[in-house]
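*Asks:*
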Ligand SMILES: Cc1ncc(COP(=O)(O)O)c(C=O)c1O
């Protein structure tokens, strides 16, 4: 089978570990094993005693108990531990879909959310997020028109990567109603959950797992909790039959969680509020710096401030940006390659995520954001040169 290229991973693979100024990441600032154990009251000595045997396929009961606590009404048995968050997307699509099924998926999106479904059933209809003057919104009437009797699954991601959008509780309820009235499954990727309060609007919305029995919810420790190297993720699946079928697929992928990850994840979950608080503080501070930058550079860039999550989309006026060059950039993908290669600044081209070629994604979760942003700004054409070229047009 010919699979679609995973453009985000391919782009990151070129530069992520060599660029000096990484501005594109979606994860929040990470921590070392020693720091984590210090925070949780664990010890390296205890960690050293972890046995490296197989673990339980569904995940250690204590691990699942700590996760179930994060939801109003999830039971320990509803939780399936993954060997990475992205594994949950693969397992869900394999479990729910087959040829002939149709899927409706919010766009833009993290590549796997569209492509795995497409590989399995071949028909993914895109439901586009709508830009407004000040932000983004969902078009629920459009969703209604896309869903039909063949639609098996609706895929969404809130808080949303890359836009930083999140619906209100009322909008989420209406979305669920559309799924319910069409008897569809709803896959809700909630991996940025907990980063809402970094923003003024504080949109507290319930997990989809609380309000719809046919919701499958993905989360993990990579983003809000800043621990992507743990490769720790989970699904909440209320439906027993689907859960068991999915565990059947897991036997063909990773069988069970890695024992060291399981130990460290339990430690991390025991201090999850502290980890999430730290991430929110970083995002909040970076968001202020980003807002100032966007104001200063408004002739080149337009942004729609995020209301949740750790990422934001920036729309670039490529003609204006290239006005001091002999050959302006054709699209943001060319621009991002040039920035990474010649200035060591890493932005993610929006095209990787299904955006138009004027967008780039930047991440707000890293402690190095202010200096990386300054490095980007240093590459921009000077203001005076810009306004001259403006007046010449
Ligand atoms: C929306 C979304 N879901 C899932 C993932 C996968 O997370 P991980 O790479 O930790 O498996 C990502 C990673 O960027 C993501 O942005």
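In this note's numbering, the protein residues as written are 5 to 397.
The beta carbon of each residue, even a glycine, is placed where N, CA and C say it ideally should be.
#1: Under three-state DSSP, which class holds residue 383?
#2: Among 318, 65 and 191, which one has its Cα closest to the Cα of residue 440?
#3: Would you list the residues sitting across from residue 311 in a DSSP beta bridge?
#4: The beta strand (DSSP E) with residue 111 in it runs from where to where?
#5: Is residue 353 near ligand 1, in the sense that its beta carbon is under 6 Å from a heavy atom of that ligand?
#6: To the nearest angstrom, how far is it from the Cα of residue 4 to the Cα of residue 315?
#7: Touching or not, the region 122–136 and the region 178–187, by the rule of three or more beta carbon pairs under 8 Å?
#8: Could you tell me the distance, in whole angstroms, from the CA atom of residue 294 to the CA atom of residue 140?
#9: Measure the C-alpha to C-alpha separation of residue 310 and residue 227 and round it to an integer number of angstroms.
#10: In three-state DSSP terms, what is residue 340?
#11: Any idea if residue 65 is buried or exposed, counting beta-carbon neighbours within 10 angstroms, 16 or more meaning buried?
#12: Sort out for me which residues DSSP pairs residue 237 with in a bridge.
#13: Using the three-state DSSP reduction, which class does residue 162 fall into: helix, strand or coil?
#14: Count the CB pairs spanning the region 353–368 and the region 334–344 that are closer than 8 Å, and state whether there are at least three.
#15: If you draw a straight line from the alpha carbon of residue 343 to that of residue 279, how long is it in whole angstroms?
#16: CB residue 222 to CB residue 193, shorter than 7 Å?
#17: With hydrogens ignored, establish whether the beta-carbon of residue 88 is closer than 6 Å to any heavy atom of ligand 1.
#18: Rank 80, 138 and 166 by C-alpha distance to the C-alpha of residue 115 and give the top, closest one.
#19: Smallest Cα separation from residue 374: which of 172, 287 and 320?
#20: At a cut-off of 6 Å, would you count residue 9 as near ligand 1, judging by its Cβ distance to the nearest heavy atom?
#21: Tell me whether the beta-carbon of residue 96 lies closer than 7 Å to the beta-carbon of residue 220.
#22: Report the option in 258, 269 and 168 whose CA atom is closest to the CA atom of residue 291.
#23: At a cut of 8 Å, does the region 366–382 reach the region 20–36 through at least three beta carbon pairs?
#24: Between the C-alpha atoms of residue 122 and residue 151, what's the straight-line distance to the nearest angstrom?
#25: Would a C-beta distance cut-off of 7 Å place residue 275 and residue 47 closer than the cut-off?
#26: Where are the beta strand (DSSP E) runs, 3 residues long or more, that stay fully inside the region 9–91, in chain order?
#27: Cβ of residue 158 within 7 Å of Cβ of residue 117?
#28: Please classify residue 323 as buried or exposed, where buried requires at least 16 neighbouring CB atoms within 10 angstroms.
#29: Quick one: measure Cβ to Cβ for residue 234 and residue 265, integer angstroms, because I've assumed they're closer than 8 Å.
#30: Can you give me the Cβ contacts of residue 395 inside the same chain, cut-off strictly under 8 Å, excluding the 5 residues immediately before and after it?
#31: Just to confirm, is the Cβ distance from residue 88 to residue 198 under 7 Å?
#32: State yes or no: is the C-beta of residue 122 nearer than 6 Å to some heavy atom of ligand 3?
#33: Compute the Euclidean distance between the alpha carbons of residue 177 and residue 333, then round it to the nearest angstrom.
#34: From this set, 84, 326 and 255, which residue's C-alpha is nearest residue 242's C-alpha?
#35: If I measure Cβ to Cβ from residue 261 and keep anything under 7 Å in the same chain, skipping five residues before and after, which residues do I get?
#36: For the alpha helix (DSSP H) holding residue 174, just list the boundary residues, first then last.
*Replies:* On the basis of the supplied data:
#1: Working through the chain shown from its first residue, we reach residue 383 at position 379. In the structure shown, residue 383 sits in coil (DSSP, three-state: anything other than H, G, I, E or B).
#2: The structure shown does not extend to residue 440, since the chain is modelled only from 5 to 397, so the question has no answer here.
#3: Locating residue 311 in the chain shown gives position 307, counting from the first residue. The partner list for residue 311 (beta bridge, DSSP) is empty, contrary to what the question assumes.
#4: The residue labelled residue 111 in the question sits at position 107 within the chain shown. Run containing residue 111: 106–111, per the beta strand (DSSP E) assignment.
#5: If you number the chain shown from 1, residue 353 lands on position 349. No, Cβ of residue 353 sits at least 6 Å from all heavy atoms of ligand 1.
#6: Residue 4 lies beyond the stretch modelled for the chain, which goes from 5 to 397, so this question has no answer here.
#7: With the cut-off at 8 Å, the region 122–136 and the region 178–187 do not touch.
#8: Taking the first residue of the chain shown as position 1, residue 294 is located at position 290. Taking the first residue of the chain shown as position 1, residue 140 is located at position 136. About 18 Å.
#9: Within the chain shown, residue 310 is the residue found at index 306, counting from 1. Within the chain shown, residue 227 is the residue found at index 223, counting from 1. Each residue's Cα considered, the two are about 16 Å apart.
#10: Position 336 of the chain shown, counted from the first residue, corresponds to residue 340. DSSP places residue 340 in helix when its eight states are reduced to three.
#11: Taking the first residue of the chain shown as 1, we reach residue 65 at position 61. By the 16-neighbour rule on beta-carbons within 10 angstroms, residue 65 is exposed.
#12: The residue you call residue 237 lines up with position 233 of the chain shown. Paired residues: 86 and 224.
#13: In the chain shown, the residue the question calls residue 162 occupies position 158. When secondary structure is reduced to three states using DSSP, residue 162 falls in the coil class, being assigned neither helix nor strand.
#14: Yes, since at least three Cβ pairs between the region 353–368 and the region 334–344 fall closer than 8 Å, the two stretches touch.
#15: Counting from one through the chain shown, the residue named residue 343 turns up at place 339. Counting from one through the chain shown, the residue named residue 279 turns up at place 275. Spanning the two alpha carbons is a distance of roughly 32 Å.
#16: One-based indexing of the chain shown puts residue 222 at position 218. One-based indexing of the chain shown puts residue 193 at position 189. Cβ atoms of residue 222 and residue 193: closer than 7 Å.
#17: By one-based count along the chain shown, residue 88 stands at place 84. Remark: the C-beta of residue 88 is in contact range of ligand 1, defined as less than 6 Å to any heavy atom.
#18: Within the chain shown, residue 115 is the residue found at index 111, counting from 1. Taking residue 115 as reference, the option from 80, 138 and 166 with the minimal CA-CA separation is 166.
#19: Looking up residue 374 in the chain shown gives position 370. Taking each of 172, 287 and 320 in turn and checking the Cα distance to residue 374, the smallest one comes out for 287.
#20: Locating residue 9 in the chain shown gives position 5, counting from the first residue. Not so, every heavy atom of ligand 1 lies at least 6 Å from the Cβ.
#21: If you number the chain shown from 1, residue 96 lands on position 92. If you number the chain shown from 1, residue 220 lands on position 216. Contact check for residue 96 against residue 220 passes: the beta carbons are separated by less than 7 Å.
#22: By 1-based counting over the chain shown, the position of residue 291 is 287. For residue 291, the nearest C-alpha among the options comes from 168.
#23: Judged by Cβ distances under 8 Å, the region 366–382 makes contact with the region 20–36, as three or more pairs qualify.
#24: Residue numbering aside, residue 122 sits at position 118 when the chain shown is read from its first letter. Residue numbering aside, residue 151 sits at position 147 when the chain shown is read from its first letter. Straight across, the Cα-Cα distance linking residue 122 with residue 151 is about 16 Å.
#25: As a first step, residue 275 is located in the chain shown; it is residue number 271 there, counting from the start. As a first step, residue 47 is located in the chain shown; it is residue number 43 there, counting from the start. Contact annotation: residue 275 and residue 47 have beta-carbon atoms that are not nearer than 7 Å.
#26: If we require 3 residues or more, the beta strand (DSSP E) runs fully inside the region 9–91 come out as 83–86.
#27: The sequence position of residue 158 within the chain shown is 154, counting from 1. The sequence position of residue 117 within the chain shown is 113, counting from 1. Result no, Cβ atoms of residue 158 and residue 117 do not sit closer than 7 Å.
#28: Translated into the one-based positions of the chain shown, residue 323 becomes position 319. When all chains shown are included, residue 323 counts as exposed.
#29: Looking up residue 234 in the chain shown gives position 230. Looking up residue 265 in the chain shown gives position 261. About 5 Å; that satisfies the 8 Å criterion.
#30: Working through the chain shown from its first residue, we reach residue 395 at position 391. Unreliable placement is indicated for residue 395, whose pLDDT of 42 sits below 50; no coordinate value is reported for it.
#31: Within the chain shown, the letter at position 84 stands for residue 88. Within the chain shown, the letter at position 194 stands for residue 198. No, the pair does not count as a contact, with Cβ atoms beyond the cut-off.
#32: Judged by which ligands are present, ligand 3 is missing from the structure shown, whose ligands are ligand 1.
#33: For the purposes of this step, residue 177 is taken as residue 173 along the chain shown, with counting starting at 1. For the purposes of this step, residue 333 is taken as residue 329 along the chain shown, with counting starting at 1. Answer to the nearest angstrom: the Cα atoms are 42 Å apart.
#34: The count along the chain shown starts at 1 and reaches residue 242 at position 238. Of the candidates 84, 326 and 255, the one whose C-alpha sits nearest the C-alpha of residue 242 is 84.
#35: Counting from one through the chain shown, the residue named residue 261 turns up at place 257. Here the set comprises 59, 63, 85 and 87.
#36: Numbered from its first residue, the chain shown carries residue 174 at position 170. If you look at residue 174, you'll find it in the alpha helix (DSSP H) that goes 173–185.
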